[in-house]
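Worksheet: the structure to be examined is printed underneath.
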Amino acid sequence: MSNGAKQENAQDAKMLSFVEVKYHEPKEPIEKLVLKPRQATTSVPNPPPSGPPSRSSRSKIEEMKHIIAKLKTDLENERIRSRQIYRDKFTEISKVKEDSNRVKELAIKDLEKKFSIEKAIEVQKVKENIIKEKDNENRRLVKEKEDEIRRLKSSLVSERERAVNAAIQIQKKSLREQHNAILNRYKILQDEVDSLKRDKIVLSERLTEKEREILKVNPLTSTPRSGTYNLDGEEDTIKKAIIPRLKIFISREDSLLWFA
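Here it is, written out as structure tokens:
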């Protein structure tokens with residue numbers, strides 16, 4: 034319970050005690066209160082002489098009885114009025130207390146509702162901040178992974194290029210070696226062809242001289258024997274042996290020019 038509620042309950046208790054003290058019923062009968070002899074401040078006078086009361090005394094007694102009856106009636110009316118006032122005040126105080134409690138309950142409910150709303154808003158903000166931080170962290174991690182993937186791709190591309198270049202260089206070296214070997218072989222074959230051509234020329238010259246000698250000896254046989262000195266047939270045989278090699282050489286030379 035709050036301090037304000039305690040203070041209100043204390044004020045209500047004080048008001049109730051005030052009403053009870055102010056409007057309490059007298060503990061002694063009204064007759065005793067009215068007929069109670071007044072304490073004399075001076076010496077007590079002598080009592081009246083005994084005997085029947087006089088006429089004036091009786092009238093005074095009747096008057097006093099009438100006054101006492103009126104006072105009883107007034108007192109009873111005042112007592113009834115006091116009780117009614119007490120009931121009204123008690124009802125009013127109870128209503129005020131109920132209204133106060135209702136207001137307090139409504140205020141407490143409003144505060145609880147407001148607090149729950151504020152707490153929900155705060156919790157939502159905390160959740161949003163956590164989600165935002167998580168998103169930022171995930172974005173940062175994704176960016177780092179993407180950068181790492183790009184670096185790996187670049188490294189792989191570089192490694193692949195280096196490997197391809199190395200393989201190309203090795204292939205070029207091998208092809209150059211083959212090209213040089215083919216050139217050397219071609220030179221050898223060319224030398225052989227040149228040698229055969231020279232031999233052909235020498236043979237042709239020798240055969241021509243031989244034919245001349247034969248013609249001189251036997252003019253009727255102007256044509257040499259076929260098959261014995263057929264230089265054209267020998268030249269065709271040489272060409273047939275050299276042409277396939279030249280084709281292979283030309284195709285390899287073209288491939289070397291493409292890789293160079």
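Plus 33 on top of the position in the sequence shown (first one is 1) and you've got this note's numbering.
Yeah, the Cβ is synthetic: ideal placement off N, Cα and C, and Gly gets one too.
Local conformation of residue i per DSSP, three classes
i, result
"SER87", "coil"
Nonlocal neighbours in the same chain, by C-beta distance under 7 Å from residue i, ignoring five residues either side
i, result
"GLN157", "none"
"PRO70", "Because the pLDDT of PRO70 is 45, which lies under 50, any placement of that residue in the model is unreliable, and the number read from its coordinates should be weighed accordingly. No residues qualify anywhere along the chain."
Beta-carbon contacts of residue i that lie in its chain and below 8 Å, excluding the five residues immediately before and after
i, result
"ASN162", "none"
"SER87", "none"
Chain C within 8 Å of residue i, Cβ atoms only
i, result
"ARG209", "Of the chains in the structure shown, none is chain C; there is only one protein chain."
Cβ neighbours of residue i in the same chain (closer than 6 Å, five flanking residues each side left out)
i, result
"PHE51", "Since pLDDT at PHE51 reaches only 44, below the 50 mark, its modelled position is unreliable, and the value read off the structure follows with that caveat. Cβ neighbours of PHE51 beyond the five flanking positions: none."
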